[in-house]
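Structure, as structure tokens:
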Amino acid sequence: MIGGEPSTRLPGAPTVTDQPNVLHALSDLVADRKANPPAERSYVVSLLLGGTAKINAKITEEAAEVVEAADEPGVEGRAHLVREVADLVFHAVVLLRARDLGWDEVEKELARRFGISGIVEKESRGRPGKA
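Numbering (our numbering) for the sequence shown: 233 to 363.
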């Protein structure tokens with residue numbers, strides 16, 4: 233859980249109300265953990281130390297859980313889907329920071345695509361490493 237309950241929140245950890253955008257706050261927190269690993273155990277640091285292979289494995293796992301949760305019915309299914317998407321986004325933010333990228337770059341790319349047909353945009357993309 234990002235931030236956690238008040239009793240489990242780390243000292244100095246930002247709250248949602250401290251930041252206008254929780255994704256930017258999360259991205260900043262991950263960048264800080266990368267630059268200044270805390271003395272205590274940190275899940276973020278363990279992912280970063282595992283490199284992209286470890287982070288990619290978590291993203292694959294979380295993506296599968298999103299797909300499974302998407303088909304669960306009712307209010308509980310909807311809540312489960314939200315939690316799994318949050319896990320997926322969290323791990324994507326860690327991957328971005330592992331590659332020295334921030335959430336702002338994702339926002340810029342989404343803004344660039346806004347108002348463009350998805351079909352047209354996809355056809356215009358070059359695929360690095362693909363012939």
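We put the beta carbon where it would ideally sit given N, CA and C, even for glycine.
Since this is a predicted model, take the numbers as computed values, not measurements.
Legend entry - Burial state of Lys-354 (16 or more Cβ within 10 Å): exposed
Inset, instruction - Can you have a look at Leu-281 and say buried or exposed, based on whether 16 or more other CB atoms are within 10 angstroms of its CB? - result: exposed
Legend entry - Continuous alpha helix (DSSP H) stretch holding Glu-337: start and end: 335-345
Legend entry - Cutoff 8 Å; reference Val-325; Cβ partners in own chain excluding five residues on either side: Leu-255, Leu-258, Ser-259, Val-262, Trp-335
Inset, instruction - May I ask you to verify whether the stretch 277-292 touches the stretch 327-345, counting CB pairs closer than 8 Å and requiring at least 3? - result: yes
Legend entry - His-323 vs Ile-291 beta-carbon contact at 8 Å: yes
Legend entry - Cα-Cα separation, Tyr-275 to Ala-267: 15 Å
Legend entry - Residue burial classification, Glu-316 (beta-carbon count within 10 angstroms, cutoff 16): buried
Inset, instruction - Classify Leu-371 as buried or exposed, calling it buried when 16 or more other Cβ atoms lie within 10 Å of its own Cβ. - result: No answer is possible for residue 371: it lies beyond the span of the chain, which begins at 233 and ends at 363.
Legend entry - Ala-289 versus Leu-320: straight-line alpha-carbon distance, rounded: 11 Å
Legend entry - Where Asp-332 sits in the DSSP three-state scheme: coil
Legend entry - Buried versus exposed, by CB contacts within 10 Å (16 or more), Glu-294: buried
Legend entry - Cβ of Ala-263 within 8 Å of any chain D Cβ: As a matter of chain content, chain D is missing from the structure shown, which is built from one protein chain.
Legend entry - Spatial distance of Ala-301 from Leu-313 (CA atoms): 5 Å
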